[in-house]
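S.K.:
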Amino acid sequence: MDPVIVVGAGPVGLSLALALARLGVPSVVLDETPGQEETRPARTAVLRPDTAAFVGRLGCADALESAGTRWTAWRIMRRRRLVERVAFAPRTPDDAAGPAPASPVHFPQHALTRALRAALAREKLAEVVTGSRLADLEQDEHGISAHTRGPNGTWWRGSYLIGCDGPRSTVRKLLDIRFPGRTAVERHAVAALRCELPWPGEALLHRSPPRQGGGPGSEVSARPLADGLWRLDWLLPPGRELVTPDALVARIRDSLAGWSGTSPAEPGTGSTGTGPDGDGNRWHGPGRLVPPYELLDTGVHTVHHRLARHWRQGRAFLAGDAAHLLGALGTQGLDEGLRDAENLAWKLGLAWHHGASELLLDSYQAERRGAVAARLRAADQALPLLRDGRSVRWRTVLPGAARGRSTLLTDGHLGRGPLGAPPVYARTPLAPPAGPADGPLVETVPGAPVVDVAVTASDGSVVRLHDRLGQGLLVLLVAPGTTVWDRRHWQSAGLMPRLTSAVAALPMSAELLVTESYPGAAAHTVLLVRPDGHLVTALAGVRPEEMTACAEAVRGGAHGRGAGAARRAGSEGAPVRPAGAGGPAGAGGPAGPGTSGTSGAAPELGRSDSSDVPDSFDASGRSGASDGAERGGSGEGTTGADGATDAGGATGAGGATGARWAAEGRNGGAEGGGTTGSAGTAGAPSPVDPVGTSMLHSESD
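Last residue of the sequence shown: 706 in this note's numbering, with the numbers rising by one and none dropped.
#1: Report the rounded CA-to-CA distance for Val-455 versus Leu-482, giving the unit in angstroms.
#2: Going by C-alpha distance, which of Asp-170, Pro-389, Ala-462, Arg-380 is nearest Gly-332?
#3: Are there 16 or more other CB atoms within 10 angstroms of the CB of Ser-639, so buried, or fewer, so exposed?
#4: How about the stretch 55-65 and the stretch 467-485: do they share at least three Cβ pairs that are nearer than 8 Å?
#5: Are the beta-carbon atoms belonging to Thr-118 and Leu-35 less than 8 Å from one another?
#6: Under 8 Å, with one C-beta from each stretch per pair, do the stretch 303-313 and the stretch 176-186 reach the 3-pair mark?
#7: Using only the alpha-carbon positions, how far apart do Pro-389 and Leu-334 sit?
#8: From which residue to which residue does the beta strand (DSSP E) around Pro-549 run?
#9: Which word fits Lys-129, buried or exposed, when buried means at least 16 other C-beta atoms lie within 10 angstroms of its C-beta?
#10: Within a Cβ cutoff of 6 Å, which residues of the same chain sit near Val-12, ignoring the five residues on either side of it in sequence?
#11: Quick one: any contact between the stretch 88-97 and the stretch 226-234, if contact means 3 or more CB pairs under 8 Å?
#12: With a threshold of 16 other CB atoms inside 10 Å of the CB of His-359, please say whether the residue is buried or exposed.
#13: Note the first and the last residue of the continuous beta strand (DSSP E) segment covering Gln-144.
#14: Tell me the DSSP secondary structure of Val-34 in three-state form.
#15: In the DSSP assignment, the alpha helix (DSSP H) including Tyr-369 goes from what residue to what residue?
#16: Looking at Gly-40: is its Cβ nearer than 8 Å to the Cβ of Thr-135?
#17: May I have the straight-line CA-CA distance separating Gln-370 from Glu-363, to the nearest angstrom?
#18: Once DSSP output is grouped into helix, strand and coil, what is the label at Pro-454?
#19: Please classify Arg-84 as buried or exposed, where buried requires at least 16 neighbouring CB atoms within 10 angstroms.
#20: Between which residues of its own chain and Asn-348 is the CB-CB distance below 7 Å, once the five residues before and five after are set aside?
#21: Could you check whether His-193 and Leu-234 sit closer than 8 Å to each other, using their CB atoms as the reference points?
#22: If you scan the stretch 177-256 from start to end, which runs of the beta strand (DSSP E) of 3 or more residues do you find wholly inside it?
#23: Can you grab the Cα-Cα spacing for the pair Thr-49 / His-529, in whole Å?
#24: Among the candidates Gly-155, Cys-200, Gly-417, Asn-157, whose CA atom is the shortest distance from the CA of Val-51?
#25: Where do the ends of the beta strand (DSSP E) carrying Thr-708 lie?
#26: Helix or strand or just coil, what does DSSP make of Phe-322?
#27: Would you mind sorting Met-552 into buried or exposed? The rule is 16 or more other CB atoms within 10 Å of its CB.
#28: Hey, how far is the Cα of Leu-179 from the Cα of Leu-323?
#29: Using the beta-carbon count (16 or more within 10 Å), is Leu-247 buried or exposed?
#30: Write down the C-beta distance between Thr-303 and Val-195 rounded to the nearest angstrom, noting that I regard them as a contact closer than 8 Å.
#31: Using 7 Å as the cut-off, classify the Cβ of Ala-543 as near or not near the heavy atoms of the ligand MN, replying yes or no.
#32: Over what stretch of residues does the beta strand (DSSP E) that includes His-306 continue unbroken?
#33: Could you pull out every residue in the same chain whose Cβ sits closer than 6 Å to the Cβ of Pro-451, ignoring the five residues on either side in sequence?
#34: Taking the alpha carbon of Val-254 as the reference point, which residue from Pro-243, Gly-354, Leu-518, Asp-238 has its own alpha carbon closest?
#35: Apply the 10 Å Cβ neighbour rule to Met-6 and answer buried if 16 or more other Cβ atoms are within range, or exposed otherwise.
#36: Taking the alpha carbon of Gly-73 as the reference point, which residue from Leu-294, Leu-391, Ser-137, Arg-236 has its own alpha carbon closest?
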């Protein structure tokens, strides 16, 4: 069978190719760049525990520990007052989970990409072809063909193709898939510098800092990196004004001076200039002490919110920034892109080795597009509360509003709640049949990520549950007291022989694991876990028939639900034409007429459990007919690879040419002439996403 073609060699494309290789699926990664990642200290990514674990399983665990940073705490300040501080669990030798939450991993994106490239270079089943720019796509019922230009220009034949080629995705354009949403939802000035701050190892979000006027819309964050580096982000006011090097340096000095306290000089002494003190520090204005720092990189990061109308068309898929753009209020687009890769990899693995139903392939869009749409809606609903500046009014109407706003921002930055928590696929098309009404067996609901408990594998090794993900179905038995017995005894006692036989008879590969305890589970509870770590179901005891039905559901073949049921994802297979060299670009025409059902009433700040995928995340009563900048929509400094919308517009250490700043500061909007904040076309409420409270809209070219 032909390999899988991955277009784009950013973090999402490389991760997908690695995940496929570990499933025994060959792949070809088409990389239009020379293969050398530019070093940009100001372009970083914050990986949540689940996505960091996924990257670690792909062979990059050592790189995460050496180049990444795990924070000791997260704090939010408002003016001069500490509003909230979240302490993270320290890393222990056995990686045991403690009562405190796990820290995110802050990672330079160039280091992440290089680690993924190095891991992929060791894989025999994967090949990265540099200098290959996609020019055309053709697909038929047996496979898909991609034509590339450049030094390695040729036709490539594949079984499936995934577009991971960033915000200006060529794959998305060739498939004629619209990309509606908003341009410049937020803009941030960014700097990477080496310095010492008063809270080593802790990340900070400072709202209304006094040194910058203390206005309700002002905000600056400081997040530590390895080797004494920090990334600082300043929220910019709405508009397209340029951020000059002098203005950014002034922001840096104001922030550092405010965090380091006042100088020994008495206020009002008339000192207005800058000059060295006896210790070699720099004074900045009356009573301000600026600690020493080394500026390494700067830029402007523009956040766009967009969502592709379809994520699958025949044998072609979209993932990462090619499918969605988000990032306001501290959310991380790369997190969602890596979740795309993990979700799609095991489904393509089943399809490549054993064939796949339309239901299984369509479930990728149903699960992932629904989750990202909920994330966008949650951010859309929170933005007016956090950014409109009417703090006095909100304190009057809603006591404690300042703390509530801080909680929303903490959720976004730390990956909690509707703004950042891992998705729950509660209404996935791969759900098993409803079992007997036994009541809740475990604290994890079906479709939610499982807790990372310690487990005993069949070889007797004790590992973490998340370490075993990615290969097949996991069957987890809760058996208290097993660790005090020799494994040879309990493997042949009780219900273990029957459970072992049931696992061996499942219609897909599965691994049997044993754990001492699982939150909320009684003894002899059996949990079935998908390859991406989401719970299928929990059973009371060994039930072979129900286990088989659940496995059939996971592989997309349960209960006689055929391709017609899969159409709820809105991704009807595209018409196809024979492959060949030449002919017009495209994948055989637009997507079919299938659309999702109505999503129902939305809970607070969106929902994250929807598989009823909206045709657009525009829920404001606008028609969304004109997508505006849909064929562009990238931020400054994007490279055409997924996950690369961060911190564009670099300057040198201390400030590079103003010409580059001017060009990148002005052009941070969308390719194709999308205008910032322009209103969408009025029309009837959308029949497929009637949330009714969103301000998101489709902009006009």
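Even for Gly, the Cβ is constructed at its ideal location relative to N, Cα and C. This one's a predicted model, so the numbers in the text were calculated from it and none came from an experiment.
M.R.: Taking the coordinates as given:
#1: 13 Å
#2: Arg-380
#3: Residue confidence is low: Ser-639 scores 37 on pLDDT, short of 50, so the model does not pin down where it sits. Its coordinate-derived value is still stated next. Buried is the call here.
#4: yes
#5: no
#6: yes
#7: 11 Å
#8: Run containing Pro-549: none in the beta strand (DSSP E); it sits in the alpha helix (DSSP H), 549-559.
#9: exposed
#10: Leu-35, Leu-139, Gly-168, Asp-170, Val-176
#11: no
#12: exposed
#13: 138-144
#14: strand
#15: 363-392
#16: yes
#17: 12 Å
#18: strand
#19: exposed
#20: Tyr-369, Glu-372, Arg-373, Asp-537
#21: no
#22: 186-200, 207-212, 224-229, 234-240
#23: 44 Å
#24: Gly-417
#25: Only positions 6 to 706 of the chain appear in this structure, which leaves residue 708 out of reach.
#26: strand
#27: buried
#28: 12 Å
#29: exposed
#30: 6 Å
#31: Annotation note on the ligand MN: not contained in the displayed structure, which lists no ligands.
#32: 298-312
#33: Leu-540, Thr-542
#34: Asp-238
#35: exposed
#36: Arg-236
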